[in-house]
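First comes the structure, then the notes that go with it.
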Amino acid sequence: MAKKLTIDGKEITAHDNATIIQAAHEAGIAIPHYCYHPKLSIAGNCRMCLVELEGRPKLEIACNTPVADNMVVFTNSPKVVEGRRGVLEFLLINHPLDCPICDQAGECGLQDYYMQYGLYHSRFQEEKVHGRKVVDFGPDVVFDSERCILCTRCVRFCKEISQTNELGIFERGDTAQIATFPGKQLDNPYAGNTVDICPVGALTSKDFRFKIRVWFLKETKSVCPGCARGCNINIHHHNGHVYRLKPRQNDAVNETWICDEGRFGYKAINDNRVLYPHLQQDGRLQQASWPAALERATEAIRAHEGTAVGIVVAPQGTNEDSYLLARLASEVLRTPHVVLYPGVPGYEDDFLIRADKNPNTRGAQDMGLPAPATAAQLAAMGEAIDQGTIKVLYAIGVNLVEAFGAETVAHWGTQLDCLIVQTSNMVPGCEQAHVLLPSATYAERDGTFTNFQGYLQRLNAAFAPRGEAWPAWQIYTRLAQGFGQDWTYASAEGVLYDIAAAVPAYAGLSYAKIGDLGCSVNHES
Amino acid sequence: MPASVTPKLAILDVRSITKAKCCVRVLRTAIGPASLAGLAWSDSDKDWQTSMQPLTFWQKLYIPEILRGMAVTTRHFVTNVFGRRHTVTQQYPEEPTYVSERYRGRHRLMRKEDGAPRCTACMLCATSCPALCIHIQAGEHPDPTVEKYPTSFIIDELRCVFCGLCVEACPCDAIRMDTGVFALAAYKRENFLYPRNLLLGDDVPVNIAEGKAPDH
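Quick note, the sequences are listed as chains A and B, same order.
Sequential numbering from 861 applies to the first sequence in our numbering.
Sequential numbering from 8 applies to the second sequence in our numbering.
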């Protein structure tokens, strides 16, 4: 049964257990709030979401008032505005107003609402209560008690979402403050989310602190490549440099959270990159042009039967990459030696973090690449190289040393006729390469990942690839063209149209249909 | 001061317009009206149309008008050479020139009472800068009450358009453009990247704004 009510003159139908703020947000009516968070329990302590209800003398908080039939709500009446102004005045009484040095400035709830409801001229004459500044809460979180408005979002997060209970409110009155329990640190794997949900500048990220002012940053919707979950993220970047990742709400995948490991995964986009093609010359890797590098690779592959070419690939690439690679292996190179290297399984929990640290293991298999290789299969490939049955190895995004062992890889520079390494970052083992091809990172390209649940999601290019890196699908296309194929892909979406035609589960898909929130490719059959 | 400036400016304005018109008029009579159609204000301009009068006989004689013009030139020459009081020529750089108090010269950074830079690295100057010439890197200050400070503060004076928006934007009065220094010189482009120390006043070239206001 649904309830019918009127908010600001708009007829709204809300579900039975909804509160006014939920009903309003669903109807696209914004109600200012600090302590309310859609994924946390109701605290009702910030009093910012005051609304006027017809027939009630006092203002009510929208976050904790259930909807009722025939309720008439005003969210912007003069009485409400006056009430909010009073609430803001109280919240800001002990606020230090140090916006120039506060990292939250530009995305601060206090700044935003003060622009709308502020008093503008302070009536407070007394000395402000001074609190603790720059308090170390944990590996990534810094706390400032003067800026805190005690909304308890972070406390509720640690209690309800991470369930680690590091934070609490201590003392009373104007000396009340958030703190970690004695002997505890805010070091759970999801601690970074407390910074995201803090509506003011009380919790700031050590990693991001003072790097850049937030108004310089641009946002690009993307998907975290840190594990098989594929949490939705926004990449915050400026001038081709990524400064931070923020979770993006997708209730089917990650709600509004990401883990800290994923959050700091952006560093690989900025640092330690391979930006130009390199060729092994005079005993060391030297920068070369793309045509020269592709020609060397093509020649080396041509010189051997298909069966002497091996491909080892990590499921880090997008579906578009995997689809073209599978076609390249079967139609062009005609090699049976294709190995999907799954990497070393990592930490796993029952919330977001998955042991499979690859974003697209499921998608790679959907696109026609083999199942993740076992240790025996990897060893067999290493042996084939030792025995000389495989003379050309094409390694894509693989940490060779981790996969085959440092001792094995050390000889490959002489054992193999050609070791082609395609990677976005300098990984151990890539210095052995005869041909080193730079590929674009996930932030620099369009594409799709399929997560372990069979949920297809889109990546968007935040900026053009740095240096001369190319997206992998482009490298495969140019390689195939070198072998006389008439591949004409000009964009990742062009590849997706072919996938949609070739793979039944992906039939009829386009980037527009996948949308920002993705779609399932699990079909009942 | 503005009160005295405004009428002066107004007079100047009128004069320059009249001058420009006279110029065009003389040219027009010299080389014929048709070829100057494009140079004129516009053909529909009534002012231009009505001011076009045929030359008098005296003007057509040519020589007397030339002599009249030479007389003006000679008068200025003589006053400049013998009567320095009315001269408009400044002997820059031998004599220091006058720089108004409001003149926006090279930037400088201010200090707090304890000698530390006032700048808190809030980046408002860099944000407001239309030339994107201010490059600040912020760092964590050991004192938690200070919290943030600029580890590096560089102004690219070659990119700077001296608009003064950084001074207006600064909430701490940490940056000023009141040095009066306008003649920036260096042998390399890199030397125009003014670092924090130079802007703070260590090793700053002497302020040359010591001249007097000229009469005009």
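Heads up, the beta-carbon is just placed ideally off N, CA and C, and yes, glycines get one too.
Treat the numbers as computed from the prediction; the structure is a model and nothing was measured.
Mind the definition here: the segment 1224 to 1240 of chain A touches the segment 1137 to 1146 of chain A only if three or more C-beta pairs lie below 8 Å; say whether that holds. In this structure the segment 1224 to 1240 of chain A does not touch the segment 1137 to 1146 of chain A; the number of beta carbon pairs closer than 8 Å is below three.
Going by CA-CA distance only, name the one from A:Val1192, A:Ile1118, A:Gly1368, A:Gly1307 that's closest to Arg1338 (chain A). Position 478 of the first sequence, counted from the start, is the residue given in the question as residue 1338 (chain A). By alpha-carbon distance to Arg1338 (chain A), the top candidate from A:Val1192, A:Ile1118, A:Gly1368, A:Gly1307 is A:Val1192.
Pro124 (chain B): contacting residues in chain A (beta-carbon distance under 8 Å): Taking the first residue of the second sequence as position 1, residue 124 (chain B) is located at position 117. Counting only Cβ-Cβ distances below 8 Å, Pro124 (chain B) has no contacts in chain A at all, with the closest Cβ about 13 Å away.
Could you please give me the residues that DSSP links to Gln1341 (chain A) through a beta bridge? Along the first sequence, one-based indexing puts residue 1341 (chain A) at 481. Per DSSP, none; premise fails for Gln1341 (chain A).
Simplified DSSP state of Cys1379 (chain A), which is helix, strand or coil: Along the first sequence, read from residue 1 onward, the residue named residue 1379 (chain A) stands at position 519. It is a strand residue.
Please report the residue range of the beta strand (DSSP E) in which Leu172 (chain B) lies. Your numbering for residue 172 (chain B) matches position 165 in the second sequence. Unbroken run through Leu172 (chain B) is the alpha helix (DSSP H), 172 to 176; no beta strand (DSSP E).
Give a yes or no on whether the minimum CB-CB distance between Ile961 (chain A) and chain B is below 7 Å. The residue given as residue 961 (chain A) occupies position 101 in the first sequence. Chain B, which has a Cβ nearer than 7 Å to the Cβ of Ile961 (chain A), makes this yes.
Just list the alpha helix (DSSP H) runs in the segment 54 to 137 of chain B, keeping only unbroken ones of 4 residues or longer that don't cross its boundaries, in chain order. Counting only runs of 4 or more, we get 64 to 67, 70 to 89, 131 to 135.
Which word fits Asn1025 (chain A), buried or exposed, when buried means at least 16 other C-beta atoms lie within 10 angstroms of its C-beta? Walking along the first sequence from the start, residue 1025 (chain A) turns up at place 165. Label assigned to Asn1025 (chain A): exposed.
Write down the C-beta distance between Asp1262 (chain A) and Val1204 (chain A) rounded to the nearest angstrom, noting that I regard them as a contact closer than 8 Å. Sequence index remark: in the first sequence, residue 1262 (chain A) carries index 402 (1-based). Sequence index remark: in the first sequence, residue 1204 (chain A) carries index 344 (1-based). At residue 1262 (chain A) the sequence reads Glu, which differs from the Asp that was named. Rounded, the Cβ-Cβ distance is 7 Å, consistent with contact.
For Phe1070 (chain A), go through chain B and note every residue whose CB falls closer than 8 Å to its CB, in chain order. By one-based count along the first sequence, residue 1070 (chain A) stands at place 210. Simply Ala128, Ala145, Gly146, Glu147, Lys155.
Pull up the CB-CB distance for Cys923 (chain A) and Gly904 (chain A), whole angstroms please, since I reckon it's below 8 Å. For the purposes of this step, residue 923 (chain A) is taken as the residue at position 63 of the first sequence. For the purposes of this step, residue 904 (chain A) is taken as the residue at position 44 of the first sequence. Going by Cβ atoms, the distance from Cys923 (chain A) to Gly904 (chain A) rounds to 6 Å, so yes, they are a contact pair.
Euclidean distance between Cα positions of Cys167 (chain B) and Ile1335 (chain A): Within the second sequence, residue 167 (chain B) is the residue found at index 160, counting from 1. Within the first sequence, residue 1335 (chain A) is the residue found at index 475, counting from 1. Annotation: Cys167 (chain B) to Ile1335 (chain A) spans about 42 Å, alpha carbon to alpha carbon.
How should Thr160 (chain B) be labelled, buried or exposed, when 16 other C-beta atoms within 10 angstroms of its C-beta is the threshold for buried? Position 153 of the second sequence holds residue 160 (chain B). The residue asked about is misnamed: residue 160 (chain B) is Phe in this sequence, not Thr. It counts as buried.
Closer than 7 Å, CB to CB, is Arg1073 (chain A) near chain B or not? Along the first sequence, one-based indexing puts residue 1073 (chain A) at 213. For Arg1073 (chain A), the closest Cβ of chain B is nearer than 7 Å.
Is there a Cβ from chain B that is less than 7 Å from the Cβ of Lys1078 (chain A)? Numbered from 1 along the first sequence, position 218 holds the residue referred to as residue 1078 (chain A). Taking Cβ atoms only, chain B never reaches closer than 7 Å to Lys1078 (chain A), which makes this a no.
Please classify Gln882 (chain A) as buried or exposed, where buried requires at least 16 other C-beta atoms within 10 Å of its C-beta. As a position in the first sequence, residue 882 (chain A) is number 22, starting the count at 1. Counting other Cβ atoms within 10 Å of its Cβ, Gln882 (chain A) reaches 16 or more and is therefore classed as buried.
Residues bridged to Asn1285 (chain A) (per DSSP): Taking the first sequence and counting its residues from 1, one reaches residue 1285 (chain A) at position 425. Answer is A:Arg1133.
Distance check for Lys988 (chain A) and Leu996 (chain A), CA to CA, integer angstroms please. Within the first sequence, numbered from 1, the residue matching residue 996 (chain A) stands at position 136. Within the first sequence, numbered from 1, the residue matching residue 988 (chain A) stands at position 128. Sequence check: residue 996 (chain A) is Asp here, not Leu. Cα-Cα distance, rounded: 23 Å.
Segment limits, beta strand (DSSP E) that includes Asn1062 (chain A): Locating residue 1062 (chain A) in the first sequence gives position 202, counting from the first residue. Looking at the sequence provided, one finds Ala at residue 1062 (chain A) rather than Asn. In the DSSP assignment, Ala1062 (chain A) falls outside any beta strand (DSSP E), carrying neither H nor E.
Between Gly1043 (chain A) and Gly998 (chain A), what straight-line distance do the alpha-carbon atoms span, to the nearest angstrom? Along the first sequence, one-based indexing puts residue 1043 (chain A) at 183. Along the first sequence, one-based indexing puts residue 998 (chain A) at 138. Gly1043 (chain A) and Gly998 (chain A): Cα-Cα distance of roughly 11 Å.
Hey, quick one: how far does the beta strand (DSSP E) through Ser1082 (chain A) stretch, first residue to last? What you label residue 1082 (chain A) is simply residue 222 of the first sequence in a count that begins at 1. First-last of the beta strand (DSSP E) with Ser1082 (chain A): 1078 to 1083.
Unbroken beta strand (DSSP E) run spanning Leu1139 (chain A), endpoints: Reading the first sequence from its first residue, position 279 is the one you call residue 1139 (chain A). From DSSP, the beta strand (DSSP E) with Leu1139 (chain A) extends over 1138 to 1141.
Determine which residues of the segment 102 to 118 of chain B have a Cβ less than 8 Å from any Cβ of chain A, and write them out in chain order. Per Cβ criterion, the list is empty.
Residues from the segment 985 to 999 of chain A in contact with chain B, defined by Cβ distance under 7 Å: Cβ contacts with chain B: Lys993, Val994.
Among the candidates A:Thr1080, A:Glu1165, A:Phe1068, whose CA atom is the shortest distance from the CA of Phe1124 (chain A)? For the purposes of this step, residue 1124 (chain A) is identified with residue 264 of the first sequence, where counting begins at 1. Taking the Cα of Phe1124 (chain A) as reference, the smallest distance to any Cα among A:Thr1080, A:Glu1165, A:Phe1068 is reached at A:Phe1068.
Contact between the segment 1107 to 1118 of chain A and the segment 1077 to 1096 of chain A (3+ Cβ pairs under 8 Å): Yes, they touch.
What does Ser1299 (chain A) pair with, by DSSP beta-bridge criteria? Counting from one through the first sequence, the residue named residue 1299 (chain A) turns up at place 439. Its beta-bridge partners are A:Trp1330.
Any idea what DSSP makes of Ile1213 (chain A), helix, strand or coil? Here residue 1213 (chain A) refers to the residue found at position 353 when the first sequence is read from its first residue. DSSP, read as helix, strand or coil, puts Ile1213 (chain A) in coil.
Is there contact here, the segment 1114 to 1132 of chain A with the segment 1028 to 1039 of chain A, by at least three beta-carbon pairs under 8 Å? Result no; under three Cβ-Cβ pairs closer than 8 Å.
Have a look at the DSSP bridge pairing and note the partners of Ala874 (chain A). For the purposes of this step, residue 874 (chain A) is identified with residue 14 of the first sequence, where counting begins at 1. According to DSSP, which records beta bridges pairwise, Ala874 (chain A) is partnered with A:Lys863.
Which whole-angstrom value is the C-beta distance of Ala1088 (chain A) and Asn1259 (chain A), which I expect to be below 8 Å? As a position in the first sequence, residue 1088 (chain A) is number 228, starting the count at 1. As a position in the first sequence, residue 1259 (chain A) is number 399, starting the count at 1. At roughly 18 Å, the Cβ-Cβ gap does not stay under 8 Å, so Ala1088 (chain A) and Asn1259 (chain A) are not in contact.
Euclidean distance between Cα positions of Ala220 (chain B) and Tyr110 (chain B): Start at 1 with the first residue of the second sequence, and residue 220 (chain B) comes out as number 213. Start at 1 with the first residue of the second sequence, and residue 110 (chain B) comes out as number 103. Here the model assigns Ala220 (chain B) a pLDDT of 43, short of 50, so the residue's position is not dependable and the matter cannot be decided.
By how many angstroms is the C-alpha of Ile1245 (chain A) removed from the C-alpha of Gly1273 (chain A)? As a first step, residue 1273 (chain A) is located in the first sequence; it is residue number 413 there, counting from the start. As a first step, residue 1245 (chain A) is located in the first sequence; it is residue number 385 there, counting from the start. One alpha carbon belongs to Gly1273 (chain A), the other to Ile1245 (chain A), and they sit about 11 Å apart.
Can you list, in chain order, the residues of its chain whose CB lies under 6 Å from that of Ile1280 (chain A), leaving out five sequence neighbours each side? To locate residue 1280 (chain A), count along the first sequence from 1; it is residue 420. Answer for Ile1280 (chain A): Ala1157, Tyr1254, Val1295, listed in chain order.
I'd like to know whether the C-beta of Pro178 (chain B) is nearer than 7 Å to at least one C-beta of chain A. Here residue 178 (chain B) corresponds to residue number 171 of the second sequence, with the count starting at 1. Pro178 (chain B) counts as touching chain A.
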